[in-house]
Each structure stands twice: as structure tokens, then as C-alpha cells.
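Some notes on the structure that comes next.
Protein chains in written order, with my numbering: chain A, 1 to 275; chain B, 1001 to 1290.
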């Protein structure tokens, strides 16, 4: 299909606009993090760095607690992802295939979890965690992150399961496979891309969570990256080089994850949304 | 398929019990808290019935925050949807690199909020930064503007930043709706002599409208709850100019140590959202039935 020249020009202009809107901020942060301080605050911003230094990164990793925050965040996000998948997979399969009383009601109630402001449960949860000694411990954050990722995870996995042709499952049943065997050897391998998508979703939401981590964690050594890093923002006389380096490092894990399985995530997100 | 309900329950029970414990039970407790007088976490409080509700509903700060929340939600919805719809229309075209663009546009949404905050604090900064120097250079302004210095510019800047973070996510949802529209419909419209605009107006728009309205409801719920961007950039300021309801709840609970009042505000906010969600879903269902 050929397009008129004017149309192509308009498309190109729109593409350039969105590429700039999304890409330029990241470009300026990444390049800013390797500029010398005087170039960072220069009156005339430079597109391509004229200087190169790793001093901001050195300071970030030696003079601040940033590495501690980074490790805490990786632990919380990885463990949260694992538990989200462990809980969501059987639940999604049950909601998709199995019959039990209250199925529709339970499913709708789970989706309702999106309709209330999460900050509502913050105050009572703090009291609850204080009673069982979970305040100021990373498992508290894992519990919260799993709870917030779970409804979406169940919803998305269910729509992935719905995309599997019924014949495949029936054929396995005819061969005398048990329900668990079907789930393990047929369904799970077939929705592997869906599982990856949900995993990314759970990882990202845990990786970026700020509010609960700021209230439930009290000691500096247990802070996650969003909270610890926001502390660095305020604690120094604004040191842009340090902040830009910190921002760049915080981008790396999600970008790496996304480079590996990002394409599946996007198609999973969009396919899950329309069913 | 032959199967016992017991097995099904074994599958769903872990997830359900977990959600009940971490989300459901605290929700009930928030309700109880709102009818007591508790100030600091853990301290006992007397039952006060609806006294908190009467006080909050009479407080001007509450209504101011509620008003700002409405401004926040509506402005975000308009800006986000406009950006998302145009981005989705571009991404629905075929061009070299379209798959890469579809994947990486969402980068604004996958980085931590605190990174978004650093990025835009830096770009909008008055010392160095990018936007002020560019504006000064181009002669639009004489000296750097403090974007976060006055209530209205702070709110507008925050809305822009939040929409920037969320529009790619919405764009991908819209894109999914766009890609479902059968190509033959466009072909038929073209044969009938429809131009680009009428193809959009009479084919794309009617078929996309249901997706857009569902997204409007979800988007409203999501953006109402946004707290961290606002808190980290302006902390609700200046002069309370960006103190939306979530910010007010957080301040009341953790800066003012009035837990019960915070719980009351959050229960009221939940009721507002639920009423909105129910009305919106009903309207959508009616629209579909027509």
C-alpha cells in the first residue's frame, strides 16, 4: 500500500515528536551523568557531552548507601515476582477452567482491588505488621508488592489461558493426563510468554514502589532504591551529577530485563487488555 | 471436565486468602479506625461514631484537596488520552522499526517514579537544567522560570510529568484496540472514496470508542491514586497548590499524626471512587447494549 507524500511527511513528523518526547529526557540524563559538573550546569546545554568523567558514579558507589538500596530493591523485586507467579498461576487456571461455587463473585471482587486507593490500607497494614514484628523488614514489602501485583497477574494469566485452543487441552485429557499434569506439562509451557509478561509486570511494580517502602521501612540499611534514592536527593546540596548517575543506574535493571523479554511483555499487555 | 470443587478451592484459596489478609482485612480496619479517635499508630482510641466524618466533611482543606484531585484526574485524562491516541495512531502504521518503537515507547512507565522525578527536576531546573536554558536562548523568556514555584504552574507541570509517564501505557492499550479493526473495513471505505479523515471519523472512531471509554475509567482510578510523583516533586506545595487527596491522607497520617482522620479521608475517597466506578461501568454497559 503506497501512501501520499504528505501523509508520509506527517507520519515522520509525529514519529520525530514522540521519539523526542520519550527519548530526549533519557538521553539528557544518561549523557549528563558523564559530564563534568561545570558542563552539567552550563548556561547552554550540550546535546553531546564535551567532557567525560566517571566521578559521579564513583561517588555514588563509594560515598553513598546507593549500592545497599540497589541490592535491597533487587531482593524485594525478585522474591515478589516469584511469589506473585506462584499464587497467580493456579488461581488464574481455576478461574479460567474449573467450576466452583462463588467463582464469578470472587473474580469480580479481586478486580475491585484496583478501585480503591492503595493508601487506604497503608495505615492499618502498618499496625498489623507492627503486631507481628514485620515493620522495618524486607518481607513486609514483599507481602505488600505481591498483594498489589496479584489481581492484575491473575487477570492477565487468565486471558493468556483463554488464548490456548481448547483442542490441545482436550487431547491431553483423552490421553488420560491428570489435571495437574495438564497444567504442568501442557498449559504452563504454552503460556510461557504470558508468564514472562506477568513476571515483568510484578518485577516493575515492586521495583518502582515508593509509598509503602517509605513508611514500612525505618532503618537506612533496609531502604529500597526509590526511597533511599529520594533521600539522597534531599540530603546533599543538590549534586546533579550524582543524581543523574543514580537515575541512570536505576534504569539499567529494568531496561536489561525489558531488552530480554520486552517484546513479549508489550504484546501480552495489549492482548490481555482486549479480551 | 470432571473435577471436584475441593480441587478448585485448593487452587484459588492461597491467592484469595493472601489478598484477604493483606488488602481485605486492612480495608475493614480502616473503616473501624475512621470511627475511633486514634492519633499515633498502636495507641488505643475511643469510639467516636461519625464525629470524624462530620469534622472532615466540614473542613475546607478536605474540599480543596478533593477539588484539586478532580482537576488532577480530568487534566491527566485529557492530556494522557490525547497523547496516547496520537501515539497509537502512529504506531498502528507500518514503518521500518515499528516493532522496536512499540516495545520501547513504554520505557517512561517501567523506570521507577523516583527516576522520573530526578529526570524532570533536572530538565525543569532553574540552575542548569535543559528547558530553562533552551527557553532563554530562544528568547521566549528573559530569565529561568521556577516551574514548581507557584501553585498553578506546579500543578500544570506535575500533570505534564504524570501524563508523560503514563501515556505510552495507554497508547499500547489503544493500539491493541486499533489492530483489532479489520483491514477490509478501511479498504471498503477507501473504495467508497473516503479520505483519511473520514476513514478515521467513520471507521476507526466508532470501533475504538468502547476501548477508549474502558481506558478512561481505568485511567481515572489509576491517576487518582498517584502519590509519589507529587510527593517527591512538590510535597503537595507550594501553598497546598498540589495537595490532592492522597497527599492529604499521607500528610494527615504521617506528618500530622491524626491516623483516624486520615482513615476517614481515605474511606471517603474510596466511596467517591466506587460511586464513580459503578456509574461509569453502568453507563458503559448501557452504551454497549444500545
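Even for Gly, the Cβ is constructed at its ideal location relative to N, Cα and C.
Straight-line Cα distance separating residue j from residue i
i, j, result
"residue 261 of chain A", "residue 1180 of chain B", "23 Å"
"residue 1014 of chain B", "residue 87 of chain A", "6 Å"
"residue 159 of chain A", "residue 1260 of chain B", "40 Å"
"residue 111 of chain A", "residue 152 of chain A", "8 Å"
"residue 1059 of chain B", "residue 1053 of chain B", "10 Å"
"residue 1 of chain A", "residue 28 of chain A", "Model confidence at residue 1 of chain A stands at a pLDDT of 48, short of 50, so the residue's coordinates are unreliable; what they give is reported in the following sentence. One C-alpha to the other measures close to 38 Å."
"residue 20 of chain A", "residue 1104 of chain B", "13 Å"
"residue 1268 of chain B", "residue 1062 of chain B", "10 Å"
"residue 1223 of chain B", "residue 1040 of chain B", "29 Å"
"residue 47 of chain A", "residue 71 of chain A", "32 Å"
"residue 39 of chain A", "residue 49 of chain A", "8 Å"
"residue 1276 of chain B", "residue 1045 of chain B", "32 Å"
"residue 1009 of chain B", "residue 169 of chain A", "21 Å"
"residue 1192 of chain B", "residue 182 of chain A", "51 Å"
"residue 142 of chain A", "residue 11 of chain A", "44 Å"
"residue 224 of chain A", "residue 106 of chain A", "33 Å"
"residue 226 of chain A", "residue 249 of chain A", "12 Å"
"residue 987 of chain B", "residue 94 of chain A", "The first residue shown for chain B is 1001 and the last is 1290, placing residue 987 of chain B beyond what the model contains."
"residue 176 of chain A", "residue 97 of chain A", "17 Å"
"residue 1283 of chain B", "residue 1126 of chain B", "46 Å"
"residue 246 of chain A", "residue 1133 of chain B", "23 Å"
"residue 190 of chain A", "residue 164 of chain A", "8 Å"
"residue 1096 of chain B", "residue 7 of chain A", "16 Å"
"residue 1138 of chain B", "residue 1145 of chain B", "14 Å"
"residue 214 of chain A", "residue 13 of chain A", "42 Å"
"residue 1018 of chain B", "residue 1093 of chain B", "43 Å"
"residue 1023 of chain B", "residue 150 of chain A", "11 Å"
"residue 53 of chain A", "residue 257 of chain A", "27 Å"
"residue 1005 of chain B", "residue 1162 of chain B", "45 Å"
"residue 64 of chain A", "residue 4 of chain A", "56 Å"
Beta-ladder partner(s) of residue i, from DSSP
i, result
"residue 1280 of chain B", "Beta-bridge pairing links residue 1280 of chain B to no other residue."
"residue 1047 of chain B", "B:1036"
Integer-rounded CB distance, given that residue j should sit under 8 Å from residue i
i, j, result
"residue 1037 of chain B", "residue 1048 of chain B", "5 Å"
"residue 1026 of chain B", "residue 128 of chain A", "6 Å"
"residue 1115 of chain B", "residue 251 of chain A", "6 Å"
"residue 1241 of chain B", "residue 1154 of chain B", "5 Å"
"residue 1011 of chain B", "residue 91 of chain A", "6 Å"
"residue 83 of chain A", "residue 146 of chain A", "5 Å"
"residue 1157 of chain B", "residue 1148 of chain B", "6 Å"
"residue 117 of chain A", "residue 1273 of chain B", "7 Å"
"residue 196 of chain A", "residue 265 of chain A", "7 Å"
"residue 62 of chain A", "residue 1232 of chain B", "That pair is no contact at about 25 Å."
"residue 254 of chain A", "residue 204 of chain A", "6 Å"
"residue 1245 of chain B", "residue 1065 of chain B", "5 Å"
"residue 60 of chain A", "residue 69 of chain A", "Incorrect: roughly 11 Å between the Cβ atoms, too far for contact."
"residue 1131 of chain B", "residue 25 of chain A", "Going by Cβ atoms, the distance from residue 1131 of chain B to residue 25 of chain A rounds to 10 Å, so no, they are not a contact pair."
Sequence-distant residues of the same chain with beta carbon closer than 8 Å to residue i, five excluded per side
i, result
"residue 1212 of chain B", "1081, 1085, 1174, 1177"
"residue 1190 of chain B", "1199"
"residue 136 of chain A", "216, 217, 218, 219, 222"
"residue 1359 of chain B", "What is shown of chain B runs 1001 to 1290, which leaves residue 1359 of chain B out entirely."
"residue 1216 of chain B", "1077, 1081, 1280"
"residue 1238 of chain B", "1148, 1149, 1150, 1151, 1154"
"residue 119 of chain A", "211"
"residue 125 of chain A", "144, 212, 216"
"residue 268 of chain A", "156, 160, 193, 194, 196, 197, 198"
Neighbourhood of residue i by C-beta distance below 6 Å, restricted to the same chain and skipping five residues each side
i, result
"residue 244 of chain A", "29, 32, 33"
"residue 1171 of chain B", "1084, 1087, 1088"
"residue 1135 of chain B", "1141"
"residue 1007 of chain B", "none"
"residue 241 of chain A", "37, 40, 56"
"residue 1243 of chain B", "1065, 1236"
Proximal residues to residue i (C-beta, below 7 Å), its chain only, five neighbours per side dropped
i, result
"residue 199 of chain A", "81, 85"
"residue 1073 of chain B", "1220, 1223, 1224"
"residue 1122 of chain B", "1129"
"residue 1332 of chain B", "Any answer about residue 1332 of chain B is impossible in this case: the structure gives chain B only from 1001 up to 1290."
"residue 1056 of chain B", "1062, 1261, 1264, 1265, 1268"
"residue 134 of chain A", "140"
"residue 208 of chain A", "226"
"residue 148 of chain A", "118, 205"
*Sequence ranges, alpha helix (DSSP H) only - wholly within the region 1200 to 1229 of chain B, length at least 4*: You should have 1205 to 1224.
*Scan the region 1223 to 1273 of chain B and note each continuous alpha helix (DSSP H) run of 4 residues or more that stays entirely inside, going in chain order.*
Every unbroken stretch of the alpha helix (DSSP H) spanning 4 or more residues and falling wholly within the region 1223 to 1273 of chain B is given here in chain order: 1228 to 1233, 1245 to 1254.
*In chain order, which continuous runs of the alpha helix (DSSP H) of length 4 or greater are located wholly inside the region 186 to 244 of chain A?*
192 to 208, 211 to 216, 225 to 235
*asked:* Which complete beta strand (DSSP E) runs does the region 1099 to 1132 of chain B hold, if anything under 3 residues is left out?
replied: none
_Whole alpha helix (DSSP H) elements within the region 80 to 150 of chain A, 4-residue minimum_ = 103 to 112, 119 to 131
_Minimum length 4: unbroken alpha helix (DSSP H) runs contained in the region 36 to 78 of chain A_ = 37 to 40, 55 to 63
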